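For the sequence shown, position 367 matches number 366 in numbering that gives the first Met the number 0, and the numbering has no gaps at all.
From the three backbone atoms N, C-alpha and C, an ideal C-beta is built for every residue, glycine too.
In this text, all values refer to a predicted model and were calculated from it rather than measured experimentally.
Everything on this sheet refers to the single structure shown next.
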Amino acid sequence: MPVLYNWAQPDPDPDLNVHGIPPEITFGLKRLPMSHLTADDLRQAFAAATRALERHREAINALNVFPVPDGDTGTNMLLTMRSAMERCPTATDSTLAEVAGGLADGAFWGARGNSGVILSQFLKGFAEALEEKQVCRAADLARAFSLASDAAYQAVGQPVEGTMLTVIRSLSLESQECQEVGGEGPRDLWEKAFRAGQEALDRTPEQLPVLREAGVVDAGGMGVVVIMGGALAHLNGTGDEQVAMAVARGYTGSDASRTAGLDAHYLDSVSQIQWGYCIQFVITGEDLAAESIRHQFVEISESAVVVGGGRSVRVHVHAPDPGPALSLGASLGQLNQIDIQNMNQQNREFAAGLSTAVSGGELAVVAVASGDGLDALFREVGCAVVVNGGQTMNPSVRDILEAVESAGAKHTIILPNNKNVIATAEQVVKAKNGVYVVPSDSVPRGVAAMLAFNPEESAENNLASMNSALAGIVAIEVTKAVRPATVDKLKVAAGQYIGLLEGKIVAAGEVPEQVLESALALAGMSPSHVVTLYLGAAADRDDAEALSQRLEQRHPGIQVDLVDGGQPHYHYLASVE
0 MPVLYNWAQP
10 DPDPDLNVHG
20 IPPEITFGLK
30 RLPMSHLTAD
40 DLRQAFAAAT
50 RALERHREAI
60 NALNVFPVPD
70 GDTGTNMLLT
80 MRSAMERCPT
90 ATDSTLAEVA
100 GGLADGAFWG
110 ARGNSGVILS
120 QFLKGFAEAL
130 EEKQVCRAAD
140 LARAFSLASD
150 AAYQAVGQPV
160 EGTMLTVIRS
170 LSLESQECQE
180 VGGEGPRDLW
190 EKAFRAGQEA
200 LDRTPEQLPV
210 LREAGVVDAG
220 GMGVVVIMGG
230 ALAHLNGTGD
240 EQVAMAVARG
250 YTGSDASRTA
260 GLDAHYLDSV
270 SQIQWGYCIQ
280 FVITGEDLAA
290 ESIRHQFVEI
300 SESAVVVGGG
310 RSVRVHVHAP
320 DPGPALSLGA
330 SLGQLNQIDI
340 QNMNQQNREF
350 AAGLSTAVSG
360 GELAVVAVAS
370 GDGLDALFRE
380 VGCAVVVNGG
390 QTMNPSVRDI
400 LEAVESAGAK
410 HTIILPNNKN
420 VIATAEQVVK
430 AKNGVYVVPS
440 DSVPRGVAAM
450 LAFNPEESAE
460 NNLASMNSAL
470 AGIVAIEVTK
480 AVRPATVDKL
490 KVAAGQYIGL
500 LEGKIVAAGE
510 VPEQVLESAL
520 ALAGMSPSHV
530 VTLYLGAAAD
540 RDDAEALSQR
550 LEQRHPGIQV
560 DLVDGGQPHY
570 HYLASVE
């Protein structure tokens, strides 16, 4: 059964529906009605959307019906959103127009692949709709979806239905219909648009024969649904973990599962296609007209996507020979960010990998974790193998080495996720070539490192980015003291809960939530920070949700996400970033 997706509410029928979509989950209870969105609401919503893409990149990648073209859809959309967030202003006095404009500008310059370019136009629609707005009301949001749809369709020389374009248009149509009825706030409008996007995604195999033949929904459309769902989770005040991604039985996010999801006859047929080259570049000049330039590229290429205008235009095309496209671009202005990929070669590499997919690929990550929730989380974000750390979180060298060997990759990165496991992991490096350790001393740092992982990059580049990600996290742990102690004049009784900030005991008490809150208060939280709480096996969900609400009330501007980790011993693990 192919990889598919799963969202939002319990289905009365526990069996998979006709598209193979498993029963759904809820987004939880809503907060008070919302009359408008502020600049910070928009920033945080798209930040949550980016985190959702980070978690589900591999599941989106696995939906790619063509085993090549221009990189993986999930990766391209994620890199585009990361670029958007980098340009998004973070100052508390930033206006709505500045936030929306920064997102659009960052996405334009960082767009990757066809899906990334279209996503950049989606954000351009928001920027245009909110250009002169102080707040975003329901009518403004409906116009943003409408302009986003228009910009996305205009970017593509020959729009095809059953793709992410169709899903984006469904957001516009639903929001316009809601506006005609009236009475909706922006959050309710967003949720109805999201539901419409889900339904449009379900229908993509009916609209595009290649999807029906491969047995999947559209990957780009799935990315749009993930973005909408991630943002909605923030607007509804629920944690990022509520943006759930389910897959058909047996899928783990590995390359082996990925290739197994596509029909063998389909893969054989597409292997006969002559793909040519994927060509991308930016043209800079004066008075560049995207529509006119688009028509010129349609004449000499396929899959032509041209966006921008004025002094810069981004071009993405497929052609049997990159020469004419480059020559045309150079005749219109100066070329920048040139990227040319031989898709025929990519296809051959993909096909060659089918028979050996179970043996792994070029690069894999092995993580150490305890608890069903943490195991699932690390797999969701792209780990090939998760080593069960057991009750003591101290796997042996043999345990980790066997995990590395089962990953079967040429290069393997180990995330110890505990300071006591780092030395053990380093022994594996001595025992086997091509193994590296990113010294994550806690689960939150391991998650941060994993979110920085890019399977398209080399081991060297990933080691640099993953190690860098470790520094951006403040880690907190709440556990029980096994013996009485006095640490820096803080008296701790045996059996009391203790809070550790970066490994140092800073709080003690009888109530774990109070201890965690005391430790968090010392972590230097400020507006725009994201606090993630990983609930242990003994933690109470209601108590955690109450704590989440208190934290957001006492520290305006922060966002608190809850993740069911299921880890033993540690009532809570937490990160501030």
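Would you decide whether residue i is buried or exposed? Buried here means 16 or more other CB atoms lie within 10 Å of its CB.
i    : result
I337 : exposed
E176 : exposed
R444 : buried
A155 : A small fix is needed here, since residue 155 is Val in this sequence, not Ala. That one is buried.
G556 : exposed
D374 : buried
A492 : exposed
N432 : exposed
T485 : exposed
H55  : buried
V159 : exposed
E594 : Outside the displayed range of the chain (0 to 576) lies residue 594, so it cannot be described from this structure.
H294 : exposed
R549 : exposed
E190 : buried
L36  : buried
N235 : buried
D560 : buried
Going by the DSSP bridge assignment, what does residue i pair with across the sheet?
i    : result
C135 : L36
V316 : I278
I421 : Answer by DSSP bridge pairing: none, since I421 is not bridged.
S311 : T283, G308
V384 : V365
E301 : H317
A474 : S574
Y496 : K479, G508
L532 : L561, A573
I577 : The structure shown does not extend to residue 577, since the chain is modelled only from 0 through 576, so no value can be given for it.
L334 : I282
V155 : V304
List the endpoints of the continuous beta strand (DSSP E) containing residue i.
i    : result
E285 : 276-287
S395 : Neither: S395 is in no beta strand (DSSP E) and is coded neither H nor E.
N579 : The first residue shown for the chain is 0 and the last is 576, placing residue 579 beyond what the model contains.
V365 : 362-368
A507 : 503-508
L414 : 410-414
L489 : 489-491
V434 : 434-436
Looking at the secondary structure, which residues open and close the alpha helix (DSSP H) in which residue i lies?
i    : result
D187 : 185-206
S169 : 163-180
V442 : 442-450
A484 : Element bounds for A484: not the alpha helix (DSSP H) but the beta strand (DSSP E), 484-486.
V116 : 112-128
N453 : Taken as a continuous stretch (DSSP letters only), N453 belongs to no alpha helix (DSSP H), as it is neither H nor E.
N460 : 458-469
D374 : 371-379
G541 : The question names Gly, but residue 541 is Asp in the sequence shown. Looking at the DSSP string, the run of the alpha helix (DSSP H) that includes D541 is 540-553.
V98  : 95-109
T72  : 72-86
Which same chain residues end up closer than 7 Å to residue i when comparing Cβ atoms and leaving out the 5 residues on each side of it in sequence?
i    : result
Y571 : V477, P511, L515, L532, Y533, L534, G535, A538
D139 : A128, L129, K132
Y569 : E476, V477, T478, G535
M223 : In the sequence as presented, Met is not what sits at residue 223; that position holds Val. Within the same chain, V223 has close Cβ partners M163, V166, I167, G196.
D71  : N60, N63
E425 : V436
Enumerate in chain order the residues of its own chain whose CB-to-CB distance from residue i is below 6 Å, with the five nearest sequence positions on each side excluded.
i    : result
G565 : G370, D371, G372, A536
E298 : none
E301 : H317
L146 : G124, E127, A128
Within its chain, find whatever has a CB closer than 8 Å to the CB of residue i; leave out the 5 residues flanking it on each side and keep chain order.
i    : result
A518 : I475, V477, G498, L499, L500, V505, A506, A573
A430 : V396, L400
L462 : I412, Y435, V437
G288 : Contrary to the premise, residue 288 reads as Ala rather than Gly in this sequence. Counting only Cβ-Cβ distances below 8 Å, and skipping sequence neighbours, we find G308.
- Segment contact, 8 Å Cβ cut-off, at least three pairs: the segment 95-104 with the segment 119-132: yes
- Decide if the segment 398-409 is in contact with the segment 473-492; the criterion is three or more beta carbon pairs, one per stretch, under 8 Å apart. no
- Determine contact between the segment 489-500 and the segment 445-458, defined as no fewer than three beta-carbon pairs at a distance below 8 Å. no
- Cβ pair count under 8 Å reaching 3, the segment 223-234 against the segment 181-200: yes
- Query: Do three or more CB pairs link the segment 362-373 to the segment 415-431 at distances below 8 Å?
  - Reply: yes
- Message: Under 8 Å, with one C-beta from each stretch per pair, do the segment 74-90 and the segment 133-145 reach the 3-pair mark?
- Response: no
- Query: Would you say the segment 109-121 touches the segment 72-81, given that touching needs at least three Cβ pairs under 8 Å?
  - Reply: yes
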